Amino acid sequence: MKRMTTILSALLLVPTLAFAQPTTPDDWYKEGENQYNLGNFEKAIDAFKKGFELEPSESKKAAYLFNIAQSYRQAKNCKDAQFFYKRYLAFKDADTKKPLAPDKRKEIEDRISELEECARQQDALTKKPPDVNPDNGGGGDPKRVGDVTPPPVDIVKGPEEPVETLGTPKVLSMRLVGGGAKLSTGALDVPIQATVGLIGGYPLSINEKLLLELGGAFTFTPVPFEDAMGENKSASLIALMANLGATYTVAPKIGLRGDLGVGLLMFGGVSESPFTDFAETTGTLSMPHVRIAVSADYAITNNVLATLTPFAFSFSPGKDGLRAEGEDISSITSIEFMVGIGYRR
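Put into C-alpha cells, the structure is as follows:
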C-alpha cells in the first residue's frame, strides 16, 4: 500500500512539475528576471539564453542579449559580459525602426571598454603563478579573479516592443474616410447618405502603446431633396471641428481609436427646402456640433494604415428657421459607418 501511494504521488508530481516549467519565450524571460532578482545569475543566464533561442521576433531578441550581458557582469564574468553587450549593439544597429538612443549607445560602449579592461585583469590573474609569501602562510596571492567586480546593474524589465506595430508618428497623422450616414432631422425621413471626412493633427506619444492626436476634423454630407415645385436640389452638411483622437495599440499592427470633435455644423442650400418647410432663408444655417467615433486601425506599413469606423455619432441643436411638416427641428443627428486610409510620419 505504501509503495502504491508513492507511485501515485510520483505520477501526480511529474505532470505538475512539467506544467510548472517555462515553455514560451515570455516564460523564460520571466524566469530569467526572477533568477536575476534572487541573485542566481548563472540560472538567469541559462533562462535568458533559452528564451532567446525560442523567441520568434527578431526585434525582441536584443533585450535577451542585453540581459545576458547584465547577468554575466553581475556574475563577475567580464569577458562574456562584454561579448554579449557587443552582440546587443549589433542587433540594435540592424533595427532601423527602433534604433538605440545616442546617449544609451555611449553608455553601453563605455561599459564595454570598462569590461575589456576588467577581462584583461581577470585573464592576467588566472595566468599568474601563486606567490610564496611568508606573511600569508606560504599561500598564493590573496586577490582572487572574482575580486575584479563591476558595479551593480539592472536588467531591462521586459522584452522590447515588436517592430511590426502601428509605429510612433512624430510629425503628422491624417486619415481620409468615407461611408454612409443616417440623418435624423425631426419629422423628415432622410435616407442614408454618402459622407466623407478628413481628420488630422499632431501626434503626441504618451507611452509605447497610447498615442494622442491633437488637431481638427472635417466632414461633408450632401443631402438631396425636392423643392415645392418637385425639382431635385441638394443641400450640404459641413462640419468643422477641433478634434482629439486617442489610439491604443492592442496587438502588433492593430490599434483601437476614439475621437471627440467639437465645433460648428453648417447647413447650406436649405432655402425653400423641406428642412425649412419650404420657407426662404438667407445664407448658411450654422449651429454647434459634437462628434464622437470609435475606430480600429491596421498598419499596412509603418506609415500607412487602414481604418474602420463601425460607429460615429454627431449631434447639433436645432437652429431657428429649421422646420419640417409644421414642427421645429429640435436637433440634427447622424449615425455613420466609415472606412478609410491613414498616413502617419
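In this note's numbering, the protein residues as written are 136 to 480.
Glycine residues also receive a C-beta, built at the ideal position from the N, C-alpha and C atoms.
Given the structure is predicted, the values throughout are model-derived calculations rather than measurements.
Check                                                                                                                                                   : Outcome
Can you tell me whether Ala-363 is buried or exposed, with buried defined as 16 or more other CB within 10 angstroms of its CB?                         : exposed
In the DSSP assignment, find the unbroken alpha helix (DSSP H) run with Arg-490 in it and report its ends.                                              : Shown here, the chain extends from 136 to 480; a query on residue 490 therefore has no answer.
Terminal residues of the continuous alpha helix (DSSP H) containing Leu-189?                                                                            : 176-189
Hey, quick one: how far does the beta strand (DSSP E) through Leu-400 stretch, first residue to last?                                                   : 389-403
Taking the beta carbon of Gln-170 as the centre, do at least 16 other beta carbons fall within 10 Å, making it buried, or is it exposed?                : buried
Under three-state DSSP, which class holds Arg-480?                                                                                                      : coil
What would DSSP say about Lys-232, mapped onto helix, strand or coil?                                                                                   : coil
With distances taken Cα to Cα, identify the nearest neighbour of Val-429 among Ala-381, Lys-454 and Glu-242.                                            : Ala-381
Nearest-angstrom Cα distance between Ala-236 and Phe-226?                                                                                               : 14 Å
Just verifying my parser: in three-state terms, what is the DSSP assignment at Gly-293?                                                                 : Note that Gly-293 scores a pLDDT of 46, beneath 50, so its modelled location is shaky; the value from the coordinates is reported in the next line. Looking at Gly-293 - three-state DSSP - the assignment turns out to be coil, as it is neither helix nor strand.
So Phe-201 is in the alpha helix (DSSP H); what residue range does that whole segment cover?                                                            : 193-209
Please tell me whether Pro-423 and Leu-457 are closer than 9 Å, where the distance is taken between their beta carbons.                                 : no
Please report the residue range of the beta strand (DSSP E) in which Gln-156 lies.                                                                      : Taken as a continuous stretch (DSSP letters only), Gln-156 belongs to no beta strand (DSSP E), as it is neither H nor E.
Who are the near neighbours of Thr-419 in its chain, counting only those whose CB is closer than 7 Å to its CB and skipping five residues on each side? : Met-401, Phe-402 and Gly-403
Is it the case that the Cβ atoms of Ile-427 and Thr-320 are separated by a distance below 9 Å?                                                          : no
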